[in-house]
Each structure stands twice: as structure tokens, then as C-alpha cells.
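A.B. asks: Residue numbers (my numbering), protein chains in the order written: chain F, 264 to 594; chain H, 16 to 337. Here a beta-carbon is modelled for each residue, glycine too, at the ideal position from N, C-alpha and C.
#1: Quick one: does residue 20 of chain H have its CB under 8 Å from some CB of chain F?
#2: For residue 499 of chain F, list the residues DSSP reports as bridge partners.
#3: Against chain F, with Cβ distances strictly below 8 Å, would residue 286 of chain H count as a contact?
#4: Based on the DSSP output, what are the partners of residue 494 of chain F in its beta bridges?
#5: The alpha helix (DSSP H) spanning residue 88 of chain H covers which residue range?
#6: Taking only runs that begin and end inside the stretch 378-415 of chain F, name each unbroken beta strand (DSSP E) of 3 or more residues, in chain order.
#7: Between which two residues does the alpha helix (DSSP H) carrying residue 253 of chain H extend?
#8: Comparing C-alpha positions only, which one of F:476, F:382, F:403 sits nearest to residue 565 of chain F?
#9: Might you give, ordered along the chain, the residues of its own chain that have their beta carbon closer than 8 Å to the beta carbon of residue 154 of chain H, omitting 5 neighbours on each side?
#10: Kindly indicate if chain F contains any beta-carbon less than 8 Å away from that of residue 246 of chain H.
#11: With 8 Å set as the bound, which would you pick, yes or no: does the beta-carbon of residue 297 of chain F sit closer than that to a beta-carbon of chain H?
#12: Using DSSP bridges, identify the partner residues of residue 548 of chain F.
#13: For a contact defined as C-beta to C-beta under 8 Å, what are the partners of residue 311 of chain F on chain H?
#14: Comparing the C-beta of residue 454 of chain F with each C-beta of chain H, is any distance below 8 Å?
#15: List the residues of chain H that residue 220 of chain F touches, going by C-beta distances under 7 Å, in chain order.
#16: Run the CB neighbour count on residue 210 of chain H, radius 10 Å, all protein chains shown included, and call it buried at 16 or more, exposed below.
#17: Please classify residue 269 of chain H: is it buried, with 16 or more other beta-carbons within 10 angstroms of its beta-carbon, or exposed?
#18: Helix, strand or coil for residue 143 of chain H, going by three-state DSSP, please let me know.
#19: Which of the three DSSP states is assigned to residue 284 of chain F in this structure?
#20: Can you tell me where the beta strand (DSSP E) with residue 537 of chain F in it begins and where it stops?
#21: Under 7 Å Cβ-Cβ, which residues of chain H neighbour residue 304 of chain F?
#22: Give the straight-line distance between the Cα atoms of residue 332 of chain F and residue 415 of chain F, rounded to the nearest whole angstrom.
#23: Once you ignore the five residues that flank residue 323 of chain H on each side, which residues in its own chain have a CB closer than 7 Å to its CB?
#24: Within the continuous alpha helix (DSSP H) that includes residue 462 of chain F, where are the two ends?
#25: Round the Cβ separation of residue 355 of chain F and residue 499 of chain F to the nearest angstrom and send it over; I've been treating them as touching at under 8 Å.
#26: CA-CA distance, residue 308 of chain H and residue 208 of chain H?
#27: Just to make sure I have the definition right: I need the residues of chain F whose C-beta is within less than 8 Å of the C-beta of residue 105 of chain H. Which are they?
#28: Express the C-alpha separation of residue 233 of chain H and residue 291 of chain F in angstroms, rounding to a whole number.
#29: Residue 481 of chain F and residue 301 of chain F look like a contact to me (Cβ under 8 Å); what is the Cβ gap, rounded to whole Å?
#30: For the alpha helix (DSSP H) that contains residue 448 of chain F, what are its first and last residues?
#31: Mind reading off the beta-carbon distance from residue 327 of chain H to residue 203 of chain H? Whole number of angstroms is fine, and I expect it under 8 Å.
#32: Cβ of residue 247 of chain H within 8 Å of Cβ of residue 76 of chain H?
#33: Could you pull out every residue in the same chain whose Cβ sits closer than 6 Å to the Cβ of residue 284 of chain F, ignoring the five residues on either side in sequence?
#34: Name the chain F residues whose beta carbon is nearer than 8 Å to that of residue 167 of chain H?
#35: Apart from the five residues just before and just after residue 278 of chain F, which ones in its own chain have a Cβ nearer than 6 Å to its Cβ?
#36: Please go through the same chain and pick out, in chain order, the residues whose beta-carbon is closer than 6 Å to the beta-carbon of residue 348 of chain F, but skip the five residues on each side of it.
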């Protein structure tokens with residue numbers, strides 16, 4: 264037996280044993296990267312929480328390019344991973360192709376809807392959470408001008424912007440919302456320099472509170488806002504701790520709960536449409552010791568009141584993605 | 016548009032043009048010596064990472080700057096070895112450097128700081144503070160010139176002034192010294208330089224090293240001057256815009272300054288769509304402004320506006336005897 268054959272044999276044995284392993288859950292992170300302090304990191308935290316509580320393991324991959332989506336999905340499905348969670352709207356078309364080929368595998372996609380019998384589609388009511396922080400921004404603003412900085416210009420981010428603008432207008436109909444997007448390519452998620460420059464531009468237009476829904480770019484927005492002495496609002500994860508006393512609040516999107524639930528439900532989880540909103544604590548605003556001094560009792564009362572009204576249906580926040588238009592903001 | 020807004024846009028232009036200008040001059044040295052370098056992006060990224068990391072650990076931004084330059088130099092030496100000593104393809108070596116930098120920065124940063132490929136936020140002496148130039152406050156009451164001096168010229172981080180001074184310095188070195196003459200000759204006709212008894216390899220290594228230093232400063236400026244820490248892929252294509260600016264400037268230092276300021280102005284206006292709308296009365300998609308540097312470079316390359324002729328021996332490894 265030559266050395267080469269030995270290697271090949273060993274590799275084949277390894278592949279077989281990997282395939283025979285018990286059904287581990289798997290998670291695929293999107294291009295922003297596992298540790299973006301925001302969306303993907305929340306997904307990662309949910310997965311780790313599950314692993315710590317159960318003592319079991321999960322498989323994971325961080326994508327490097329768009330072309331890997333279908334490949335990564337197929338590889339996990341072939342290897343017997345179940346369920347497979349995808350963090351990101353961009354997986355929709357790849358999952359549409361793959362889901363039918365593996366009817367026994369459960370898939371969970373976050374932020375997008377894929378209609379297949381073995382897919383759970385988790386969507387968040389970001390517009391509701393953004394409405395709440397918009398309301399806080401308008402109440403905290405002294406110049407009656409607030410800013411919004413988005414990452415890549417996609418309908419999902421416009422949904423954040425639109426909910427935010429509605430919240431601002433609800434608290435103060437005369438307030439101005441300045442909205443900018445960082446770019447149109449995935450590079451827009453990781454450009455803190457441009458985020459900082461956009462923040463300065465918004466400050467020169469009078470903004471004194473900025474809301475960043477921009478992944479890694481948001482790190483630059485929060486930094487520049489803290490440097491220039493204005494307030495900022497974080498997104499997805501609780502980012503209040505990044506600049507204590509200078510981040511008004513964070514719009515929490517509990518991606519971690521979505522991932523945790525999916526892992527806990529395990530193979531054969533319930534499929535279909537799963538909406539995480541204010542009512543089931545899928546979204547909300549962050550309040551901790553880092554921003555306690557910034558949030559007045561009046562502000563908190565107003566926001567909690569609005570949250571109750573949204574849950575009871577008394578207030579309807581318009582969802583940009585429902586008709587691609589926004590009553591409170593023009594793009 | 017009022018005067019204050021104009022000043023703010025120009026101020027933003029200067030900040031955004033600085034990393035482009037440094038990287039563009041870096042490319043200028045390298046390409047004038049006949050070594051194409053599309054690894055500017057990767058070198059900036061590596062320098063941004065190491066400068067932020069070392070500044071965070073040591074608490075001194077100047078130490079961070081040196082570390083950033085060292086990181087960029089290390090990649091330059093790899094590029095030099097591959098393309099000068101081993102006569103490999105310069106474009107492939109450049110691409111490899113970009114990939115290497117994109118991966119290794121996140122990897123090292125994650126195992127070092129455990130903050131997911133970010134470095135800790137820099138504070139106080141660990142980041143560059145803006146300099147207020149002498150008399151800035153005294154001269155402010157003078158109409159027009161006072162605010163221009165205070166807002167536009169004063170109040171930047173030291174590296175901005177380094178970048179601006181690098182332009183006349185580059186011009187002097189390349190066009191007024193013996194070293195510069197030889198360096199340019201190596202990019203046009205290395206055989207002639209070799210015949211004159213001057214080391215082609217030595218000159219090319221020198222050019223690549225200067226390129227490393229300038230890229231290092233550019234990267235350090237991103238992470239410790241404009242921002243306060245490293246985030247993965249934070250160079251965001253600026254190395255490629257700098258290359259476009261280099262072609263736009265037809266490989267000349269003063270033109271490079273204007274090209275980078277122009278490209279910087281585009282990105283500055285991109286952040287103020289309201290100003291464009293007020294100026295021309297039509298809502299322009301900001302994406303168009305983002306694409307303009309590339310469009311203009313293509314126009315120049317196609318020969319519509321003058322002709323951009325690269326150094327003749329560019330991209331060719333020098334072989335002494337065939």
C-alpha cells in the first residue's frame with residue numbers, strides 16, 4: 264500500500280465517520296461575520312447558549328462569499344446536520360433550491376420567508392422596535408433633527424428606517440429625519456470610516472441623535488457620535504456598553520432567541536411562518552446601567568405605552584416591505 | 016449652499032482623500048520602478064490592524080504607527096521577493112497579498128483580543144488627536160480666510176499633514192534627485208540602468224519598501240486617525256480607488272494630489288445628498304457618485320481625455336541575460 268493510498272483510505276474513513284455522527288444542529292453565518300457585534304453575533308450567542316445549557320455541540324460556518332451559500336447548505340445537509348439555521352435574508356434563493364432535495368432535514372431561515380414544507384421562516388417586526396427607539400430619539404433630541412444610518416441599501420434596512428421615522432414623527436411631528444445608506448454592496452456592512460463621515464455629515468445638518476442599522480459600519484457611527492458629543496442608538500444586539508453614557512439605547516432584535524429556539528426544538532421542528540414582534544419579545548429596546556441616566560422616566564413611560572398600544576393593535580406601524588413605500592420618510 | 020456647509024464638505028474631502036493620497040503615492044513609487052502593486056488594499060488593511068492592535072496594547076499611537084508600517088513593510092517584502100527575486104507575476108502576488116491580509120488580520124485579532132476580529136476601542140493617547148494649528152483661534156474673526164484656516168486647514172490629525180507633505184517630497188525625490196532618476200529609469204528600461212552599473216534589483220526593492228512605508232501610514236490613519244480601532248475589511252476598497260487615482264493622475268505626484276482630492280470630494284458629496292439636490296434641483300442617486308471614480312478612470316484609460324501611459328517596463332520581471 265503506497266502512502267497515497269493510506270491517506271486516501273484515512274480520508275474516506277474520516278468522511279464516513281463524520282457522516283454517521285448524530286444529528287448535530289448547524290448554523291451558517293452571513294457575510295458580516297460571526298462577531299459583527301450585531302446581527303450575526305446575536306445568532307452566535309443564541310447557539311452558544313444552547314450549547315452551554317445542553318452540553319452538546321453544533322456545527323458552524325462563516326461565509327466568505329455569496330457563491331458559497333448553496334455549497335455550505337448542501338454540505339451540512341449531506342453531513343446529516345439537523346436542523347440547519349441560516350442567519351440572513353440572502354439565503355432565500357439558495358434555500359429554495361436546496362430544501363426540496365433534503366425533505367428529512369429541517370431548515371430555519373431568519374429574516375426571510377421561504378415556502379417549503381421543511382422550512383421555518385423567522386421574521387422580525389424590526390419596524391416596531393425601530394418605532395420605539397425613534398420615539399426615544401425624538402424625545403431626547405434638542406435640535407428636532409435626528410439621523411438614521413443604514414448599511415447596505417436593501418428593503419430590510421429601509422424597514423428599520425421607516426419604522427424609526429414613524430416613531431420620530433409620532434413623538435414630534437415637526438422633527439426632521441436625515442437618512443443615509445452606506446452603500447449598495449456588502450462592503451457597506453464593514454466601512455466604519457464612511458459610517459463616521461456620514462455621522463459628521465448628519466451632525467452638520469443638525470442631527471443630535473443617530474440610529475445606526477449598519478453592522479460593523481455602526482461601530483464607526485457610534486464612535487464618531489461619542490467623539491462629537493451626540494447620542495447614538497445601537498442595533499440588533501445591546502450595544503449600550505460600547506460607549507457608556509453616550510448610547511441612548513439599542514434596538515434589540517432577539518436573533519439569539521430565534522436560534523436558541525430552533526436548536527432546542529431540534530430535528531422535526533415546527534415549520535412555517537414565525538413572526539417575532541413586540542408581543543413575543545422578538546424585538547424591543549435595551550435599558551441597562553450604561554444608559555439609565557439618559558432615559559428619563561417620561562421617556563420610558565411613553566415608549567412602554569407605545570409598545571402596549573402596538574401589541575394591542577391600537578397603533579399600527581407601517582412595514583416598508585409590505586408595499587415598498589414609507590409614509591414618514593422618502594428615500 | 017452656504018459657506019459653512021461648503022467648508023464642512025471640503026473638510027470631509029480632505030479627511031477622505033488622505034488615505035487615498037498616501038496609498039496612491041505608495042503605488043506611484045512602486046509602479047514608477049516597474050513593479051505593479053494591486054496589493055495596496057491588503058497592505059493598508061494589515062497596517063490598520065497592527066497599528067490599532069499595538070496602539071491598544073501599548074497605549075501609544077506613535078508606537079502603533081510604527082507597528083502598522085512594519086506590517087505593511089512585511090507584506091511589501093513578500094511582494095518584492097515574489098516579483099523581483101523570484102520573477103513571479105506581479106498581479107498574482109498582489110492579489111495573494113490582498114487575500115492574505117483580509118484573512119490574517121481577522122484571525123490574529125480574534126485570537127489576540129477575543130472581540131471577534133475587532134480591536135478594543137482606542138482612547139486618549141492611543142489614537143491620533145486633531146492638531147489645532149498656531150493662531151487658528153486668533154485668526155478666526157478674519158472674514159472668509161479665518162474660518163477657512165480654522166476649519167479646513169487646522170484641526171486635522173498629524174497624518175493628514177504628513178500626507179500633504181508627502182506630495183512635494185515625492186516630486187522632489189522622483190524628479191530632482193539621482194535616486195529618483197534611476198528609479199524612473201528602472202521602470203522604463205531596466206537594461207539601460209543595469210548597463211550603467213546600477214543595481215536594478217536594489218532600486219526596485221527600495222521602491223517597494225517606500226511603498227510599504229506609505230501604505231502603512233495610510234492604514235494607520237484609517238484605524239487610529241479617522242476611527243478608533245480596527246474592524247474587519249475596514250479598508251473597504253480604498254486601495255483600489257487609490258490605484259484608479261494613480262492611473263487618473265498618469266503616474267505623477269501633483270496630479271495624484273488633485274485626483275485624490277477629486278475622488279475624496281466625490282465621497283464627501285455622497286454623504287450629503289441634500290446639498291446636491293439643493294444645488295442642481297434634481298435628486299441624484301448617491302450610487303452614481305460612488306461609481307464616478309471608476310467611470311472617470313475608464314474614460315481616461317480609453318484615451319478620451321489625454322492618454323495614460325504606464326511605465327514601459329511595468330509588470331515585467333527583469334532578467335539579466337536571456
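C.D. replies: Quick look at the numbers:
#1: yes
#2: F:515
#3: yes
#4: F:472
#5: 76-95
#6: 382-387, 408-415
#7: 253-263
#8: F:403
#9: 160, 161, 164, 165
#10: yes
#11: yes
#12: F:514
#13: Within chain H, no residue comes near residue 311 of chain F; the closest Cβ sits about 13 Å away, beyond 8 Å.
#14: yes
#15: Because chain F in this structure spans residues 264 to 594, residue 220 of chain F falls outside the shown range and cannot be described.
#16: exposed
#17: exposed
#18: coil
#19: In this predicted model, residue 284 of chain F has a pLDDT of only 46, less than 50, meaning its place in the structure is not dependable; the value taken from the coordinates is given anyway. Note: residue 284 of chain F maps to coil in three-state DSSP.
#20: 535-539
#21: 131
#22: 19 Å
#23: 262, 265, 315, 316
#24: 455-467
#25: So it is not a contact: roughly 19 Å between Cβ atoms.
#26: 35 Å
#27: By Cβ distance, chain F contributes nothing, its closest Cβ being about 24 Å from residue 105 of chain H, past 8 Å.
#28: 34 Å
#29: 7 Å
#30: Segment: none, residue 448 of chain F is in no alpha helix (DSSP H) and carries neither H nor E.
#31: 5 Å
#32: no
#33: Its pLDDT being 46, under 50, residue 284 of chain F is placed unreliably in this model, and the coordinates cannot settle the point.
#34: Going along chain F, no residue has its Cβ under 8 Å from residue 167 of chain H, so there is no contact; the nearest lies around 14 Å.
#35: In this prediction, residue 278 of chain F has a pLDDT of 46, which is less than 50 and means its spatial position is unreliable; what the coordinates show is noted afterwards. For residue 278 of chain F, where only same-chain residues beyond five positions count, there are no Cβ hits under 6 Å.
#36: 290, 371, 522, 525
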